[in-house]
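Order-wise, the sequence lines are chains A and B. Taking the working numbering, the leading residue of the first sequence gets 1, the next gets one more, and so forth. Taking the working numbering, the leading residue of the second sequence gets 1001, the next gets one more, and so forth. Built from N, CA and C at the ideal position, the CB exists for glycine as well. The model shown is predicted, which means the values in this text are computed figures rather than measured ones. This report refers to the structure that appears directly beneath it.
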Amino acid sequence: MTSSSSNTLDWRKTVSVLAVVILALIVFFIGTRQQANTVKKHTLNVAQSGPSKSAKTYTQLMNTPHQANSNMQNALKNYAKRHVSQSPKQANQSAIPASLQARGKRRAYAGAPPTIPHAVNQQSAKNCLSCHQNGFKLGERVAPVMSHDYMSECTQCHVVSQSPSPAPEMGAHLIPLANRFEPLKEPVGGLRAYPGAPPVIPHSTHMRTNCLSCHGALGKPGLRSTHPERSSCTQCHTPSATLDQSPRTLRTP
Amino acid sequence: MSFDRRTFIKASALTAATTMAAKLAYGEAPNQPDSTKASSNTTTIDWNKAPCRFCGTGCHVMVGVDKKKKKVVAIAGDKKAEVNKGLCCVKGYHVGMILYGRDRLTTPMLKKGDKHVPITWDKAIQIIADRIEAHPTQFAFYGSGQWTIPEGYAAQKFMKGGLSNNHIDPNARLCMASAVTGFVSTYGVDEPAGSYTDLDKANVIILWGNNPAEMHPVLFSRILSRRARGEEVTIIDIGTRRTRSTVHATKFLQFKPQSDLAIANGIAHLLLKNGTYDKAFVKAYCNFRKDADPKKPTLKGVKSSFEEYKKLLEPYTPEYVERVSGVPSKEIKYLADLFGKRDIRITSLWCMGMNQHTRGTDINRLVHGIHLLSGHFGKPGDAPTSLTGQPSACGTAREVGTLAHALPGGRVVANQKHRKQSEDIWNLPHGRINPKPGYHTVKMWEKFSTPSDKGGDIKTLWVQVTNPGQSLPNLNHLFFPSRKLKDKFLIVSDVYPTATTKHADLILPSALWVEKNGVFGNSERRTQQWFKMVDPPGQARDDCWQIIAVAHNLYKRGFKGMMDKDKKFLFEIRDKNNQIIPIWDWSKYYTVNVDKHLFEEYRKFSRLKHKDLAPYDEYVKARGLRWPVVQQKDGTWRETEFRFAEFDDPYVKQGKKIQFYHSTTKDDRAQIWFAPYIAPPEVPDKEYPLWLCTGRVLEHWHTGTLTMRVPQLRRAMPQAYVEMHPDDAKALKVSNGEIVVVESRRGSLEIPVWIDGRAKPEKGSVFIPFFDERLLANLITLHDYCPISKEPDYKKCAVRIKRKPIRSKS
């Protein structure tokens, strides 16, 4: 690091100022880091189903924050550490299975709209965009960016993953919840024409027009792009023809 | 000092960026994934088209079937489908999972004592045939708008052609019968003139007691996406409850239940008073009509005149309408001003709010009436459009005519010509079809629940693809009594145990959706075809096969009705070598496309009312086609987006512009009806002070038989609830989540309270969704119905709510 513009000042002075600044910064960052590590694991209040609760007034209800349900990862231990988006230097292969599994948990099959891991306003989807338009990361909590074009009625396709009902389900055993559906699994890696060639996209691109939603800085480990600065993804990565979900041949009777 | 903080930050940032860039440029090549394993699971999938199994919107989905497992493993919105353009709702995305609930019915079962024991298919078919043979006229068939077109057609032919018995009705009677009578009495022919294209063109969309955000989500998104593109669309929600649709509405007009009649009349009143009605349109294309006695209304009514119409509307001043409906007079004026404008396009949408109404036919007539009076008809975006709740309410119930009074293709049993045409197509001796209409749904179940010696002349009832033990109104009156009568026999074909199978004498396991071939007809006259993709589980078999197997069993016994006039079996299909294919034998059923044969025969019925259908193979290629589908000179088939309008409908004569070619007055004119406001049969009083409305939610489809078994949908909405206004809850000292007792004069139900849940009912009214078989909303509802359409009113009755008595802990 240089400071060539400081002609009028003694270079020794510059170096000493610099040294002091760097030292101060190092101490500061160590400090914040230690502080971060000592922050206890926070758990949000998980909406409990249970016996009846007293009715809330409209004002109280309006002020109720969106609580997480038990499908939300609540470890906010890094709450104090500001998230700096960083793309991985190289694809984190070992993290892929866990990331795909995590994706699969929120989807009925690969390509299904994900369910919502937190409570939502049951009457209006108007405030979904305040977090999911640009997305953010706070600790381990990620609000992913929409992967598709703007549509205003979010809850048409995305539903909560845990009961919004204020009462526990009565007679749950009377209708079996278990389903023998065997889902299409999340694909692993795209085919390459030759070693080093850019892989083709291993999944359908329908309703997935914003690649950075999953492959950007907020993406899961292993799925993040190593080169997010190249924003025209389909210039090198082509959608696979076998995945266009069109019938190859329509049977004729 | 020039080496300030700013310089330092700049310098650091530059260094960091340079370092990162260098690493990106010269860093190690990323590890190569094993390309042989890559995405191997996705190349084993066969994708094929099918219409969604749920509502009447008629979205197409792509169904992904694993070639090895031979099971549905994924669903995608069909990009090539005009209806949904690649989008689905949450039910549609999870439709594949309805096939795989743990408790699918897989074997026929007969009730012995209070248990159901497995029996063979042969035995089951024999039991049904025995009962029919013993009393062919005391047998009734209750189906639905989920019957595919070939299934409904087979049932129709079996009953009316085979048994000379007209006691066949669909659950669609509970759903869109009032829409049918509204269309028929206005235009002389059923079903909307417009199409979903109207939703893309309208400037104003009026929701008449309708919540498309939850019930027809894909259509509602189609409207909202126009706003996202920057178009201005005014949405007016005329409702009794604030819903997810209200959130997007430009205006919400809250009205008192039943007063929609007064609102429509108030609009017409002002159009006439202000002279803003479309004089040219009315003069050229409309007649006036009314009921001679509004207390005894009929489908045809009597002739009226413009002067009389004007006079009858005189009392409906904005002030009077405000008193009746609670909608401020200035809003009535606002609505009338909108209809008075010639330069905007208005589309009205409605579904159960207007149809499930003791004056259902009247309110349908009135809404058509204000569109005709104001000329908001026949141009893209100007349309009165009713929506349906079932995938083939239009295709099967309305077009095939599986109703107690109807024959295929818009014919009726009471018409001698229509009977003869049907007998000719079916090759039956003349006189085979009974001219007397059969029992409509409410009557059918009343007769089934009445002892045989007291006039209950329905002894055996076969239910297919519906769940009346949950969906009939006033279950204590219509459903349960029959279950205590020993000589009444209930047969139920279904895919899962339901509130109906629980009480059935004989249960037949059915194939579902893509486990069979099928054809549906959606809300916009679109006929949609799909092929079987997977096998049904266990011994589950097609509903259509079940009908044919019973028919053949009777034929074998020499039952004359199952023979045509040449003594051939009613459902005979021959192969290329003119050999009969034994389709009644399940192992041979799929050696031929039975659907195609039935459809080609049914197609002959479609010309009379200009609802022309194309050959089966045309539907194989298309994502549905809207009738009339007419062959062009070059041999191609062209569908019709807008009926009665010269620019699109091939049946409108040149130069006519608008032609109602099935006019009931035979002069190419539509009828503008007058109908008065008539109070509902039951209104809240001191004893039962609250209004009850029942209905649906986004996640569940009707009685929840299918959707309650999809974990994603069940978790998002696990059980029914009673939705209350906070003030009402406060007055009763009831808290959120508390179990309360909801009582009407007909029954009671213990159910949890949800305040400020999915929607907001107005003060003095409560709402219960009917999807939950454990919390039956229809224990409380009434079975009063529209005198013309015979459709019951599920939307309004009087109830009271009590806190549950605290039991002593003894």
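Requested in this report: To the nearest angstrom, report how far apart residue 1793 (chain B) and residue 1682 (chain B) are at their CA atoms.
Outcome: In the second sequence, the residue the question calls residue 1793 (chain B) occupies position 793. In the second sequence, the residue the question calls residue 1682 (chain B) occupies position 682. Whole-angstrom Cα-Cα distance: 11 Å.
Query raised in the report: Does any CB atom of chain B fall closer than 8 Å to the CB of residue 98 (chain A)?
Result: In the first sequence, the residue the question calls residue 98 (chain A) occupies position 98. For residue 98 (chain A), the answer is no, since every Cβ of chain B falls outside 8 Å of its Cβ.
Query raised in the report: Mind checking whether the beta-carbon of residue 1331 (chain B) lies closer than 7 Å to any heavy atom of the ligand HEM?
Result: Looking for the ligand HEM in the displayed structure turns up nothing, as the structure carries no ligands at all.
Query raised in the report: At a cut of 8 Å, does the stretch 1554 to 1564 of chain B reach the stretch 1124 to 1133 of chain B through at least three beta carbon pairs?
Result: yes
Query raised in the report: In three-state terms, what does DSSP make of residue 1385 (chain B)?
Result: As a first step, residue 1385 (chain B) must be located in the second sequence, where it is residue number 385. Note: residue 1385 (chain B) maps to strand in three-state DSSP.
Query raised in the report: Nearest to residue 1599 (chain B) by alpha carbon, out of B:1230, B:1405 and B:1425?
Result: What you label residue 1599 (chain B) is simply residue 599 of the second sequence in a count that begins at 1. Ranking B:1230, B:1405 and B:1425 by Cα distance to residue 1599 (chain B) puts B:1425 first.
Query raised in the report: Who pairs with residue 1765 (chain B) in a beta bridge, going by DSSP?
Result: Counted from its first residue, the second sequence places residue 1765 (chain B) at position 765. In DSSP, residue 1765 (chain B) forms a bridge with B:1691.
Query - Span of the beta strand (DSSP E), counted from its first residue to its last, around residue 1287 (chain B) - result: Taking the first residue of the second sequence as position 1, residue 1287 (chain B) is located at position 287. Per DSSP, residue 1287 (chain B) belongs to the beta strand (DSSP E) from 1286 to 1290.
Query - Nearest-angstrom beta carbon gap, residue 1637 (chain B) and residue 1614 (chain B) [assumed within contact, 8 Å] - result: Taking the second sequence and counting its residues from 1, the one referred to as residue 1614 (chain B) is at position 614. Taking the second sequence and counting its residues from 1, the one referred to as residue 1637 (chain B) is at position 637. Indeed they touch by this definition, with Cβ atoms about 4 Å apart.
Report task. Check whether the stretch 91 to 105 of chain A touches the stretch 218 to 228 of chain A, counting contact only when three or more Cβ pairs, one atom from each stretch, lie closer than 8 Å. Result -> yes
Report task. Put residue 1744 (chain B) into one of helix, strand or coil per three-state DSSP. Result -> Position 744 of the second sequence, counted from the start, is the residue given in the question as residue 1744 (chain B). Coil at residue 1744 (chain B), not helix or strand.
Query - Short CB-CB distance (under 8 Å) between residue 161 (chain A) and chain B - result: As a position in the first sequence, residue 161 (chain A) is number 161, starting the count at 1. For residue 161 (chain A), the answer is yes, since a Cβ of chain B falls inside 8 Å of its Cβ.
Query raised in the report: Taking 8 Å as the CB-CB cut-off, is residue 210 (chain A) touching chain B?
Result: Position 210 of the first sequence, counted from the first residue, corresponds to residue 210 (chain A). Not one chain B Cβ lies under 8 Å of residue 210 (chain A).
**Report entry** Against chain A: residues of the stretch 1055 to 1084 of chain B by CB proximity under 9 Å
**Finding:** 1062, 1064, 1066, 1069, 1071, 1072, 1073, 1074, 1075, 1076, 1077, 1078, 1079 and 1080
Query raised in the report: Considering only residues of the same chain and omitting the five flanking positions on each side of residue 134 (chain A), which have a CB-CB separation below 7 Å?
Result: As a working mapping, residue 134 (chain A) is identified with position 134 in the first sequence. Within the same chain, residue 134 (chain A) has close Cβ partners 145.
Query raised in the report: Can you round the beta-carbon distance between residue 1543 (chain B) and residue 1493 (chain B) to whole angstroms, since I take them to be within the 8 Å contact cut?
Result: By one-based count along the second sequence, residue 1543 (chain B) stands at place 543. By one-based count along the second sequence, residue 1493 (chain B) stands at place 493. Confirmed, about 6 Å.
Requested in this report: Determine, using beta carbons only, whether residue 1751 (chain B) and residue 1804 (chain B) come nearer to each other than 8 Å.
Outcome: Here residue 1751 (chain B) refers to the residue found at position 751 of the second sequence. Here residue 1804 (chain B) refers to the residue found at position 804 of the second sequence. No, the pair does not count as a contact, with Cβ atoms beyond the cut-off.
**Report entry** residue 1679 (chain B), buried or exposed, once every other Cβ within 10 Å from all chains shown has been counted against 16
**Finding:** Taking the second sequence and counting its residues from 1, the one referred to as residue 1679 (chain B) is at position 679. Exposed is the call here.
Query raised in the report: Rounded to a whole number of angstroms, what is the C-alpha to C-alpha distance between residue 1480 (chain B) and residue 175 (chain A)?
Result: Position 480 of the second sequence holds residue 1480 (chain B). Position 175 of the first sequence holds residue 175 (chain A). So the two alpha carbons sit approximately 21 Å from each other.
Report task. Find the nearest neighbour of residue 157 (chain A) within the set B:1641, B:1095 and B:1297, judged by alpha-carbon distance. Result -> Along the first sequence, one-based indexing puts residue 157 (chain A) at 157. Ranking B:1641, B:1095 and B:1297 by Cα distance to residue 157 (chain A) puts B:1095 first.
Report task. Closer than 7 Å, Cβ to Cβ, to anything on chain A: give me those residues from the stretch 1219 to 1243 of chain B, in chain order. Result -> 1220, 1221, 1224, 1225 and 1228
Query raised in the report: Nearest-angstrom Cα distance between residue 992 (chain B) and residue 1759 (chain B)?
Result: Since the first residue shown for chain B is 1001 and the last is 1810, residue 992 (chain B) is missing from the structure and cannot be characterised.
Query - Of the residues B:1625, B:1214, B:1517 and B:1658, the one placed nearest residue 1389 (chain B), counting alpha carbons only - result: The residue labelled residue 1389 (chain B) in the question sits at position 389 within the second sequence. When each option's Cα is compared against that of residue 1389 (chain B), the closest is B:1214.
Report task. Report the rounded CA-to-CA distance for residue 1718 (chain B) versus residue 169 (chain A), giving the unit in angstroms. Result -> Start at 1 with the first residue of the second sequence, and residue 1718 (chain B) comes out as number 718. Start at 1 with the first residue of the first sequence, and residue 169 (chain A) comes out as number 169. When rounded, the distance between both Cα atoms is 6 Å.
Query - residue 1130 (chain B): first and last residue of the uninterrupted alpha helix (DSSP H) it sits in - result: Taking the first residue of the second sequence as 1, we reach residue 1130 (chain B) at position 130. 1121 to 1134 is the extent of the alpha helix (DSSP H) around residue 1130 (chain B).
Query raised in the report: Are the C-beta atoms of residue 1114 (chain B) and some chain A residue less than 8 Å apart?
Result: Stepping through the second sequence from its first residue, residue 1114 (chain B) is reached at position 114. Not one chain A Cβ lies under 8 Å of residue 1114 (chain B).
Query raised in the report: How is the beta strand (DSSP E) around residue 1786 (chain B) delimited, first residue to last?
Result: One-based indexing of the second sequence puts residue 1786 (chain B) at position 786. Looking at the DSSP string, residue 1786 (chain B) is not in any beta strand (DSSP E), and its letter there is neither H nor E.
Requested in this report: Using a Cβ cut-off of 8 Å (strictly closer), state whether residue 183 (chain A) contacts chain B.
Outcome: For the purposes of this step, residue 183 (chain A) is taken as residue 183 along the first sequence, with counting starting at 1. Yes, residue 183 (chain A) counts as interfacial toward chain B.
Query raised in the report: Roughly how many angstroms separate the alpha carbons of residue 1396 (chain B) and residue 1180 (chain B), rounded to a whole number?
Result: Taking the first residue of the second sequence as 1, we reach residue 1396 (chain B) at position 396. Taking the first residue of the second sequence as 1, we reach residue 1180 (chain B) at position 180. Approximately 13 Å between the Cα atoms of the pair.
Requested in this report: Within the same chain, show all residues whose beta-carbon is closer than 6 Å to that of residue 1706 (chain B), passing over the 5 residues directly before and after it, in chain order.
Outcome: Start at 1 with the first residue of the second sequence, and residue 1706 (chain B) comes out as number 706. Counting only Cβ-Cβ distances below 6 Å, and skipping sequence neighbours, we find 1098.
**Report entry** Cutoff 8 Å: residue 1217 (chain B) Cβ touching any chain A Cβ
**Finding:** Position 217 of the second sequence, counted from the start, is the residue given in the question as residue 1217 (chain B). Closer than 8 Å to some Cβ of chain A, the Cβ of residue 1217 (chain B) qualifies, so yes.
**Report entry** C-alpha distance - residue 16 (chain A) paired with residue 28 (chain A), whole-angstrom precision
**Finding:** On the first sequence, residue 16 (chain A) is found 16 positions in, with the first residue counted as 1. On the first sequence, residue 28 (chain A) is found 28 positions in, with the first residue counted as 1. Using only the alpha carbons, I get a separation of about 18 Å.
Requested in this report: Flag residue 1634 (chain B) as yes if its beta-carbon sits less than 8 Å from any beta-carbon of chain A, otherwise no.
Outcome: One-based indexing of the second sequence puts residue 1634 (chain B) at position 634. Taking Cβ atoms only, chain A never reaches closer than 8 Å to residue 1634 (chain B), which makes this a no.
Query raised in the report: If we cut at 8 Å on Cβ distances, does residue 10 (chain A) have a partner in chain B?
Result: As a first step, residue 10 (chain A) must be located in the first sequence, where it is residue number 10. No, its Cβ sits nowhere closer than 8 Å to a Cβ of chain B.
Query raised in the report: Can you name, in chain order, every residue of its own chain whose Cβ lies under 6 Å from the Cβ of residue 237 (chain A), other than the five neighbours on each side?
Result: Position 237 of the first sequence, counted from the start, is the residue given in the question as residue 237 (chain A). These residues qualify, in order along the chain: 198 and 201.
Requested in this report: Determine the direct distance from the alpha carbon of residue 26 (chain A) to that of residue 14 (chain A), and round the result to whole angstroms.
Outcome: Within the first sequence, residue 14 (chain A) is the residue found at index 14, counting from 1. Within the first sequence, residue 26 (chain A) is the residue found at index 26, counting from 1. For residue 14 (chain A) and residue 26 (chain A), the distance between alpha carbons rounds to 18 Å.
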